[in-house]
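**Q** Here it is: the structure, laid out below.
Structure follows, in structure tokens:
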């Protein structure tokens, strides 16, 4: 498969992954942080986002990793500073995604459990990470 | 209007967490195995026998396995009750050859303990 095809699928998967993460972050922000009685519609909302994560967001992330690593190896970019910084951001985004998945699972099982404070501010962090990644991947400044 | 469904979800949540711990064990073994192949096979092949292709192949495979490990670990930790000491050990094991195999046993014990409490 040609580089441009790999890149197109990689970008489409990245958009899907980040879109799914933002949805998860908004849901975490919407559900009260501490012990509470469930509002009507809370469980179905958690269920929909978790199912979307399982069948769409997480597979999209795996595609991003797979194609990203493939392109980096084929192009010989693994030693480039811009890619190393980008990879570090991707690892952090993956950890954030894992925290969101785990937290949503816990929220679905137990409304009394508080979500980590970091996740309540995760949406702007995610957007900032995406901007950095876009600059690094497109401009390749160093 | 609000409703509490906590009790109805507890058992299915525990069974889901057991499944997560089981998957985490497999990913831990995968990450540990690729690290051992990288450190004890690919790196010596590159530096002692002049085969740089060995690390060029195994390196990215281990990179993908490491990503999968940190993603699954953050998911598993966020979903369950983990002591800080356990979290530090799980992270450190990803960087130490054979550490993953010690972790796998710890994860199995946690999974078994959860099965007993269901």
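Residue numbers (the working numbering), protein chains in the order written: chain A, 802 to 943; chain B, -4 to 113. Heads up, the beta-carbon is just placed ideally off N, CA and C, and yes, glycines get one too.
1. Is the shortest distance between the beta-carbon of residue 109 (chain B) and the beta-carbons of chain A less than 9 Å?
2. Can you name the start and end residues of the alpha helix (DSSP H) that residue 848 (chain A) belongs to?
3. Which of helix, strand or coil does DSSP assign to residue 88 (chain B)?
4. Determine the contact status of residue 69 (chain B) and residue 898 (chain A), defining contact as a CB-CB distance below 9 Å.
5. Could you check whether the segment 33 to 46 of chain B touches the segment 859 to 870 of chain A, counting it as contact only if at least three pairs of C-beta atoms, one from each stretch, sit closer than 8 Å?
6. Pull out every residue of the segment 61 to 90 of chain B whose Cβ sits closer than 9 Å to any Cβ of chain A, in chain order.
7. Under 9 Å between C-beta atoms, does residue 9 (chain B) make it to chain A?
8. If you measure between the beta carbons of residue 11 (chain B) and residue 906 (chain A), is that distance less than 9 Å?
9. Taking residue 839 (chain A) as the reference, which of A:935, A:913 and A:919 has the closest Cα?
10. Quick one, are the C-beta atoms of residue 102 (chain B) and residue 9 (chain B) less than 9 Å apart?
11. Count Cβ pairs between the segment 13 to 27 of chain B and the segment 90 to 102 of chain B that sit closer than 8 Å; are there 3 or more?
12. Three or more beta-carbon pairs under 8 Å between the segment 923 to 936 of chain A and the segment 62 to 80 of chain B, yes or no?
13. Closest by CA to residue 882 (chain A), which one among A:915, A:942 and A:817?
14. Can you name the residues of chain A whose CB is closer than 8 Å to the CB of residue 59 (chain B)?
15. Have a look at B:110, B:91 and B:108 and flag the residue whose alpha-carbon is nearest the alpha-carbon of residue 29 (chain B).
16. Tell me whether residue 909 (chain A) sits in a helix, a strand or coil according to DSSP, three-state version.
17. Would residue 891 (chain A) be called buried (16 or more neighbouring beta carbons within 10 Å of its own) or exposed?
18. Compute the Euclidean distance between the alpha carbons of residue 814 (chain A) and residue 22 (chain B), then round it to the nearest angstrom.
19. What's the call for residue 818 (chain A), buried or exposed, on a 16-neighbour Cβ count within 10 Å?
20. Could you pull the start and end residues of the alpha helix (DSSP H) that residue 943 (chain A) belongs to?
21. In the DSSP output, which residue or residues are listed as bridge partners for residue 915 (chain A)?
22. So, is the C-beta of residue 101 (chain B) closer than 9 Å to a C-beta in chain A?
23. Are the beta-carbon atoms belonging to residue 109 (chain B) and residue 98 (chain B) less than 9 Å from one another?
24. Measuring alpha carbon to alpha carbon, tell me which of B:94, B:95 and B:64 ends up nearest residue 893 (chain A).
25. Would a C-beta distance cut-off of 9 Å place residue 901 (chain A) and residue 849 (chain A) closer than the cut-off?
26. Would you please state the rounded distance, in angstroms, between the beta carbons of residue 60 (chain B) and residue 81 (chain B)? I believe it to be under 8 Å.
27. To the nearest angstrom, how far is it from the Cα of residue 41 (chain B) to the Cα of residue 875 (chain A)?
28. Our contact map puts residue 24 (chain B) next to residue 95 (chain B) with C-beta atoms below 8 Å; I'd like the distance itself, whole angstroms only.
**A** Considering the structure as presented:
1. no
2. 843 to 853
3. helix
4. yes
5. no
6. 61, 62, 63, 65, 66, 67, 68, 69, 70, 71, 72, 73, 74 and 75
7. yes
8. yes
9. A:913
10. no
11. yes
12. no
13. A:942
14. 866, 867 and 870
15. B:91
16. helix
17. buried
18. 23 Å
19. buried
20. Taken as a continuous stretch (DSSP letters only), residue 943 (chain A) belongs to no alpha helix (DSSP H), as it is neither H nor E.
21. In DSSP, residue 915 (chain A) forms no bridge with anything.
22. no
23. no
24. B:64
25. no
26. That belief does not hold up - the Cβ atoms of residue 60 (chain B) and residue 81 (chain B) are roughly 21 Å apart, past 8 Å.
27. 19 Å
28. 6 Å
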